[in-house]
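Worksheet for the structure shown next.
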Amino acid sequence: MIYVTGHKNPDTDSICSAIGYAEFKKALTGEEYVPARAGNLNPETEFVLKRFGLDAPELISNAAGKDVILVDHNEVAQAADDIESAHIIEILDHHKIGDVQTKEPIYFRAMPVGCTATIVYLHYKENNIEFKPAAAGALCSAILSDTLAFRSPTCTDLDREAAEAYAKVAGIEDIQAYAKEMFKAGSELAGKSPKEILYMDFKKFTAGNTTYGVGQVTSMDEDELKELAKTMNDYLHESFSEHGVDMIFLLLTNILDESSELIYAGEGADEVVKKAFTSSEADRTYLKGVVSRKKQVIPPLTEALS
Ligand code: MN
Ligand code: MN
Numbered sequence: 099m100i101y102v103t104g105h106k107n108p109d110t111d112s113i114c115s116a117i118g119y120a121e122f123k124k125a126l127t128g129e130e131y132v133p134a135r136a137g138n139l140n141p142e143t144e145f146v147l148k149r150f151g152l153d154a155p156e157l158i159s160n161a162a163g164k165d166v167i168l169v170d171h172n173e174v175a176q177a178a179d180d181i182e183s184a185h186i187i188e189i190l191d192h193h194k195i196g197d198v199q200t201k202e203p204i205y206f207r208a209m210p211v212g213c214t215a216t217i218v219y220l221h222y223k224e225n226n227i228e229f230k231p232a233a234a235g236a237l238c239s240a241i242l243s244d245t246l247a248f249r250s251p252t253c254t255d256l257d258r259e260a261a262e263a264y265a266k267v268a269g270i271e272d273i274q275a276y277a278k279e280m281f282k283a284g285s286e287l288a289g290k291s292p293k294e295i296l297y298m299d300f301k302k303f304t305a306g307n308t309t310y311g312v313g314q315v316t317s318m319d320e321d322e323l324k325e326l327a328k329t330m331n332d333y334l335h336e337s338f339s340e341h342g343v344d345m346i347f348l349l350l351t352n353i354l355d356e357s358s359e360l361i362y363a364g365e366g367a368d369e370v371v372k373k374a375f376t377s378s379e380a381d382r383t384y385l386k387g388v389v390s391r392k393k394q395v396i397p398p399l400t401e402a403l404s
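Counting from 99, one number per residue, gives the positions in the sequence shown under my numbering.
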């Protein structure tokens, strides 16, 4: 029995490429290949497995003595424990070449593409093996996840080709709509209270006599951010006195279109925002191209306050 496993702290690519590649190897050789994982599933991957009716791969916390194929990693620090005493049979990866070592020559396929699932796609294609719908759905999800639905600079034409081929077999009609649904399910914000959301990433600063706090929330889901702008705006105003600052700012950053909505509370905050972001047009709270608190928000705020 040979395990196919991704890295620790697994993402959707590590889980779904393990599933898809184990299935490919089984179809090709008739032998037993078992998808495995080196850690717990994240909410995005849970959504994907449920959506396509797949079981979670078997958890292997220790690789010692096992026959393994590594997907989506080739660094000892990222691999299941005791990988040095495992028998590594193959590696499929799209990261830089790391430090995993083997005693014999192996099949090692590394490509500068956006996702391991794209390399898995080539294996099916080169060997004329048909995808099964469930695995194809999982593999398509992996590509959408790793490439931020084709928006990442790491995304190649081959990633698109693979995702579209998988989507066809899996019955995913609108790839972008599906990606949105998947990102939403994977959001870290789901189920958190406004207070928890504010303090997920919140920093205090002082400028002159003013102490102010700036929080930042990032998401890939426009609808989620729209909803949040409203709830968080209400929350900031209601709870303002609890936070121990003179002004409070919260950036709601949309990673996909590289913009932020700035909401705020506190006496004079309105003036400060107007002064700090003079270049922004009609709506002064919508900041196009602003994604970095450290580089693009704190300096103009500090300047406006001094
Ligand atoms: Mn990964
Ligand atoms: Mn990956």
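We put the CB at the ideal spot given by N, CA and C, even for glycine.
Around the beta carbon of Met-99, fewer than 16 other beta carbons lie within 10 angstroms, which makes this residue exposed. Here the distance from the Cβ of Thr-103 to the nearest heavy atom of ligand 2 is not below 8 Å. Comparing alpha carbon positions, the residue from Phe-248, Glu-340, Ala-234, Asp-244 closest to Gly-269 is Ala-234. Residue state for Ala-363 is assigned as strand, using DSSP reduced to three classes.
Take the alpha-carbon of Leu-246 and the one of Pro-203: they are about 35 Å apart. Contact between Ser-285 and Glu-322 holds, since their C-beta atoms are separated by about 6 Å, short of 8 Å.
Taking 3 residues as the shortest admissible run, the stretch 237-323 contains the following complete beta strand (DSSP E) segments, listed from N- to C-terminal end: 300-305, 308-317. In the assembly as shown, His-335 is an exposed residue. Its beta-carbon has fewer than 16 other beta-carbons within 10 Å. Annotation for Cys-213 indicates a beta carbon within 8 Å of some heavy atom of ligand 2. In this structure Ser-159 is exposed. Its beta-carbon is surrounded by fewer than 16 other beta-carbon atoms within 10 angstroms. At a threshold of 8 Å, Asp-257 does not count as near ligand 2, since its beta carbon sits no closer than that to any of the ligand's heavy atoms. With 16 or more other Cβ atoms inside 10 Å of its own Cβ, Ser-358 counts as buried. Counting only unbroken stretches of 3 or more residues, the beta strand (DSSP E) elements lying wholly within the stretch 140-198 are 165-169, 185-191, in sequence order.
With respect to the C-alpha of Met-330, the residue from Ile-361, Val-312, Asn-352 having the closest C-alpha is Ile-361.
If you draw a 10 Å sphere on the C-beta of Lys-164, you find 16 or more other C-beta atoms in it, and that means buried. Just so you know, the alpha carbons of Leu-152 and Ile-346 end up roughly 45 Å apart. For Leu-220, the enclosing alpha helix (DSSP H) stretches over residues 214-224. Taking 8 Å as the cut-off, one finds at least one heavy atom of ligand 1 near enough to the beta carbon of Ser-112. Going by DSSP, Lys-386 is part of the beta strand (DSSP E) stretching over 384-386. Fewer than three Cβ pairs drawn from the stretch 282-299 and the stretch 250-260 lie within less than 8 Å of each other, which leaves the two stretches out of contact.
The stretch 222-242 and the stretch 184-195 do not touch, with fewer than three beta-carbon pairs separated by less than 8 Å. Using a cutoff of 8 Å, the CB of Asp-355 does not count as near ligand 1, since none of the ligand's heavy atoms is closer than that. Between the stretch 213-230 and the stretch 262-282, the count of C-beta pairs closer than 8 Å reaches three or more; the two stretches touch. Linking Gln-394 to Pro-210 through their CA atoms gives a straight-line distance of about 31 Å. Shown here, Leu-354 sits in coil according to DSSP, grouped into three states, outside any helix or strand.
Looking at the DSSP output, Val-395 sits in no beta bridge, so it has no partner there.
Contact annotation: Ile-195 and Leu-168 have beta-carbon atoms that are not nearer than 9 Å. Taking 8 Å as the cut-off, the C-beta of Pro-108 counts as close to a heavy atom of ligand 1. Asn-352 sits away from Ser-390, with the two beta carbons spaced by 9 Å or more. Counting along the chain, Ile-100 sits inside the beta strand (DSSP E) bounded by residues 100-103.
A distance of 9 Å or more separates the beta carbons of Arg-207 and Asp-197. Judged by DSSP secondary structure, Phe-122 falls within the alpha helix (DSSP H) whose first and last residues are 110-127.
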